[in-house]
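These notes are about the structure you will find just below.
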Amino acid sequence: EAEVYKYYAEGEWRKSSSAKSVSIINPTTRKTHFKVQACTQEEVNKVMDAAKVAQKAWARTPLWKRAELLHKAAAILKDHKAPIAHCLVKEIAKPAKDAVTEVVRSGDLVSYTAEEGVRILGEGKLLVSDSFPGNERSKYCLSSKIPLGVVLAIPPFNYPVNLAVSKIAPALIAGNALVLKPPTQGAVAALHMIHCFHLAGFPKGLISCVTGKGSEIGDFLTMHPGVNCISFTGGDTGIAISKKAGMIPLQMELGGKDACIVLEDADLDLVAANIVKGGFSYSGQRCTAVKVVLIMDSVADEVVEKVKSKMGKLTVGPPEDDCDITPVVTESSANFIEGLVMDAKEKGATFCQEYRREGNLIWPLLLDHVRPDMRIAWEEPFGPVLPIIRIHSVEEGIHHCNASNFGLQGCVFTSDINKAIMISDAMETGTVQINSAPARGPDHFPFQGLKDSGIGSQGITNSINMMVKVKSTVINLP
Ligand code: G3P
Numbered sequence: 004e005a006e007v008y009k010y011y012a013e014g015e016w017r018k019s020s021s022a023k024s025v026s027i028i029n030p031t032t033r034k035t036h037f038k039v040q041a042c043t044q045e046e047v048n049k050v051m052d053a054a055k056v057a058q059k060a061w062a063r064t065p066l067w068k069r070a071e072l073l074h075k076a077a078a079i080l081k082d083h084k085a086p087i088a089h090c091l092v093k094e095i096a097k098p099a100k101d102a103v104t105e106v107v108r109s110g111d112l113v114s115y116t117a118e119e120g121v122r123i124l125g126e127g128k129l130l131v132s133d134s135f136p137g138n139e140r141s142k143y144c145l146s147s148k149i150p151l152g153v154v155l156a157i158p159p160f161n162y163p164v165n166l167a168v169s170k171i172a173p174a175l176i177a178g179n180a181l182v183l184k185p186p187t188q189g190a191v192a193a194l195h196m197i198h199c200f201h202l203a204g205f206p207k208g209l210i211s212c213v214t215g216k217g218s219e220i221g222d223f224l225t226m227h228p229g230v231n232c233i234s235f236t237g238g239d240t241g242i243a244i245s246k247k248a249g250m251i252p253l254q255m256e257l258g259g260k261d262a263c264i265v266l267e268d269a270d271l272d273l274v275a276a277n278i279v280k281g282g283f284s285y286s287g288q289r290c291t292a293v294k295v296v297l298i299m300d301s302v303a304d305e306v307v308e309k310v311k312s313k314m315g316k317l318t319v320g321p322p323e324d325d326c327d328i329t330p331v332v333t334e335s336s337a338n339f340i341e342g343l344v345m346d347a348k349e350k351g352a353t354f355c356q357e358y359r360r361e362g363n364l365i366w367p368l369l370l371d372h373v374r375p376d377m378r379i380a381w382e383e384p385f386g387p388v389l390p391i392i393r394i395h396s397v398e399e400g401i402h403h404c405n406a407s408n409f410g411l412q413g414c415v416f417t418s419d420i421n422k423a424i425m426i427s428d429a430m431e432t433g434t435v436q437i438n439s440a441p442a443r444g445p446d447h448f449p450f451q452g453l454k455d456s457g458i459g460s461q462g463i464t465n466s467i468n469m470m471v472k473v474k475s476t477v478i479n480l481p
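Per my numbering: the sequence shown = residues 4 to 481.
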């Protein structure tokens with residue numbers, strides 16, 4: 004029987020009164036590896052009440068002290084990288100080295116956020132009335148940034164630690180309380196990460212982590228009157244949340260269909276390396292993975308050959324062995340990916356490798372000559388399966404990219420910088436990378452999706468600014 008991990012509320016580790024648990028299935032063994040508490044709505048209410056009280060005191064805690072605690076948590080997090088990475092390997096089949104990188108990157112993110120916070124939150128604004136027509140110099144307006152209250156953070160399975168701290172750290176430095184609802188796969192890694200914040204000595208109730216079934220506490224959390232801001236990363240659930248949430252700021256990142264546009268004058272070795280890295284890192288389970296290659300027909304054969312040869316070197320197997328391609332997160336995810344592959348097969352796509360699957364493990368697959376009538380031309384596999392669409396003009400590539408309902412990132416490969424800038428301007432995506440695969444990091448860069456890919460902008464500075472309101476005090480002279 005797997006141990007049932009406790010949830011974190013009011014500064015302590017608790018068992019849920021539900022006496023129920025949620026199983027976390029190891030994607031590699033497909034057996035229950037961990038269990039977490041199935042929290043009740045009543046327990047969520049308690050967490051919200053405690054968060055509200057703790058936040059009031061936290062908002063009055065000097066900014067440098069808040070930063071000090073975050074730096075402490077960052078150091079503890081890095082010290083605990085091994086056990087946390089171990090959970091990532093078992094819960095989400097992240098390759099061992101990448102799992103360690105995620106934790107270290109998270110520690111760096113927390114420290115950077117503390118530093119950025121003391122700078123940008125330590126600065127206010129003074130306006131004087133006589134710059135607006137008809138006014139004398141009789142009013143002085145002092146503005147500063149104040150916290151929103153309680154921030155609800157909901158990260159996805161693919162970065163349960165990094166995409167949790169990218170919400171937690173900005174919320175805390177800005178003076179907010181934080182309630183974390185981790186993804187089921189990745190919940191135990193998230194609980195360990197929260198323990199690092201616990202060890203750093205944050206006040207009781209300020210941070211909490213509730214685990215449980217989305218069907219029982221999902222809507223209850225996102226529609227809770229005690230929540231003053233939601234920061235969510237994930238799939239379509241985000242669209243449903245945005246429709247149900249109240250009048251509160253929302254930060255959302257909901258996936259993408261990042262296109263890689265390749266022109267004839269591109270460095271084709273660089274293109275091939277980035278297609279493989281961008282398409283197959285963490286088995287394609289990244290919002291920013293390259294999800295469709297739009298390549299000029301005249302260079303397509305050469306690039307396909309180069310990509311195939313690089314793909315042949317990818318190792319396939321368990322995350323413990325640090326393989327490049329590891330089992331995808333759930334059986335239903337593997338089934339979905341398979342559905343896209345079979346649809347492409349029926350409609351005549353060229354398979355550059357044989358399709359192979361064992362359990363949740365899917366071998367990397369390149370599909371050439373994909374056409375717009377195939378589902379994989381538009382849908383996000385979130386797996387190691389990459390479609391290539393051959394194009395005959397730049398306009399055709401831009402058109403395909405912009406016809407997507409997603410608009411997260413995209414990339415363009417060319418040696419002509421003027422063309423690159425023009426294509427970047429024409430692509431309806433939150434970010435365009437020139438001569439490199441899409442990526443969110445470095446974590447202080449702005450990160451945002453247009454259309455169904457999201458609401459608002461992330462990245463450390465933008466997240467801090469999103470989790471505050473402006474408050475003004477006006478001094479009126481006689
Ligand atoms: O899938 C989540 C998204 O934030 C990807 O991040 O660092 O892999 O580009 P990254």
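Using N, Cα and C, we set each Cβ at its ideal position, and we do this for glycine too.
Residue i by DSSP, collapsed to three states: which one?
i	result
Ala156	strand
Trp16	strand
Val213	coil
Phe385	coil
Thr116	helix
Arg122	helix
Phe200	helix
Leu224	helix
Val293	coil
Arg443	coil
Pro322	helix
If you follow the alpha helix (DSSP H) that residue i is part of, which residue opens it and which one closes it?
i	result
Phe56	Checking the displayed sequence, the identity of residue 56 turns out to be Val instead of Phe. Here the alpha helix (DSSP H) through Val56 covers Gln44 to Arg63.
Glu308	Asp300 to Met314
Lys474	Taken as a continuous stretch (DSSP letters only), Lys474 belongs to no alpha helix (DSSP H), being part of the beta strand (DSSP E) at Val471 to Asn479.
Val265	First-last for Val265: Ala262 to Val265, but that is the beta strand (DSSP E), not the alpha helix (DSSP H).
Met430	Run containing Met430: none; DSSP gives neither H nor E here.
Lys93	Lys84 to Ile95
Ile176	Asn165 to Ile176
Ser245	Thr240 to Lys247
In terms of alpha-carbon separation, which member of the options lies closest to residue i?
i	options	result
Lys142	Asp133, Lys148 and Ile149	Asp133
Ser466	Pro30, Lys68 and Leu124	Leu124
Lys260	Arg108, His403 and His83	His403
Asn363	Pro98, Gly320, Val293 and Val274	Gly320
Val344	Ile391, Val332 and His195	Ile391
Gln58	Ala262, Pro367 and Gly229	Gly229
Ala442	Gly258, Arg69, Ala347 and Pro173	Gly258
Glu13	Val56, Cys90 and Glu219	Val56
Ser427	Phe448, Gly444 and Gly400	Gly400
Thr214	Ile79, Phe339 and Val7	Val7
Asp446	Ile79, Ala193 and Asp111	Asp111
Met377	Gly282, Thr64, Phe354 and Lys350	Lys350
Thr333	Gly189, His198, Thr291 and Thr432	Gly189
His395	Phe409, Gly413 and His372	His372
Sorted by chain position, which residues of the same chain lie with C-beta nearer than 7 Å to residue i's C-beta, five sequence neighbours on each side aside?
i	result
Trp67	Val121
Asp101	Tyr285
Lys280	Ala440
Ser475	Cys144, Leu145 and Ser146
Pro322	Thr31, Val92, Ala96, Lys97, Pro98, Ala99 and Thr329
Along the chain, where does the beta strand (DSSP E) containing residue i start, and where does it finish?
i	result
His36	Thr35 to Gln40
Ala180	Ala180 to Leu183
For residue i, write down the residues that DSSP places opposite it in a beta bridge.
i	result
Phe409	Lys454
Ser26	Lys38
Met255	Phe235 and Ile458
Glu361	Leu364
Gln436	Cys414
Tyr143	Val131 and Ile478
Phe283	According to DSSP, Phe283 bridges with nothing at all.
Ala76	Answer is none; Ala76 lacks a bridge partner.
Asp371	Thr353
Tyr10	Arg17
Lys148	Val473
Ile379	None, per the DSSP bridge assignment.
Less than 7 Å separating the Cβ of residue i from some heavy atom of ligand 2?
i	result
Cys290	Ligand 2 is absent from the structure shown, which contains only ligand 1.
If I measure Cβ to Cβ from residue i and keep anything under 6 Å in the same chain, skipping five residues before and after, which residues do I get?
i	result
Ile264	Leu297, Gly400 and Val415
Ala269	Phe416 and Thr417
Val274	Val265, Val306 and Phe416
Glu267	Met299, Ser301 and Val302
Ser21	Ala41 and Thr43
Met255	Phe235, Gly241, Gly457 and Ile458
Would you say residue i faces chain C, with C-beta separation under 8 Å as the test?
i	result
Lys454	Note that chain C does not occur in the displayed structure, where there is just one protein chain.
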